[in-house]
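Below you'll find the structure, written out as structure tokens, and then a few comments.
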Amino acid sequence: MKVFLTRAAEDCLWAIWDHDRLYSESLADSFQRDIDRFIRDAIGANPEIGHVWHALRGIRRLIFRRRHNIFYTLRDDAAFVLFIFDGRMDINQQIAEAGLDVEALIVRSDD
């Protein structure tokens, strides 16, 4: 299955890189390569690998290295990564309470 990162997911990855680079730019780069490969390989090979996080919106959550939450949704023959957050952040609860507009997030940038 083809896996797309939404703009919101790309923004999340940039924020993680920006934070990690303060400690080590090479480690930040390595982490980005690892999480990108994990997302594309794991979800691409087995789209239902993540646990259902919000059934009504069709959002699944996959955890990377016990700490990073990858939220994604499936549409037809594609997976769309919505957000990637450090599990220590309270953003997970904020999303759960506020909800989100999945369809607006998955608009492809090449459309």
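Take the sequence shown: its letters are residues 1 to 111, numbered as in UniProt numbering. Ideal Cβ positions, reconstructed from N, Cα and C, are used throughout, including at glycine.
Cβ-Cβ distances below 6 Å link arginine 57 to Val102 in the same chain, with the five nearest sequence neighbours on each side left out; the list follows chain order. Here the C-alpha atom of isoleucine 16 lies approximately 15 Å from the C-alpha atom of valine 81. Between isoleucine 35 and alanine 42, the C-beta spacing is not below 8 Å. If you compare the alpha carbons of Asp11, Ile70, Glu10 with that of tryptophan 53, the shortest gap goes to Ile70.
For aspartate 20, the enclosing alpha helix (DSSP H) begins and ends at 7–20. Cβ neighbours of lysine 2 within its own chain (closer than 6 Å, five residues either side excluded): Ala78. Residue pairing by DSSP puts isoleucine 84 in a beta bridge opposite Ile70. The beta carbons of histidine 68 and glycine 87 sit closer together than 8 Å. Buried is the label assigned to tyrosine 72, since at least 16 other Cβ atoms lie within 10 Å of its Cβ. In its chain, beyond the 5 residues on either side, Val81 have a beta carbon closer than 6 Å to the beta carbon of leucine 5.
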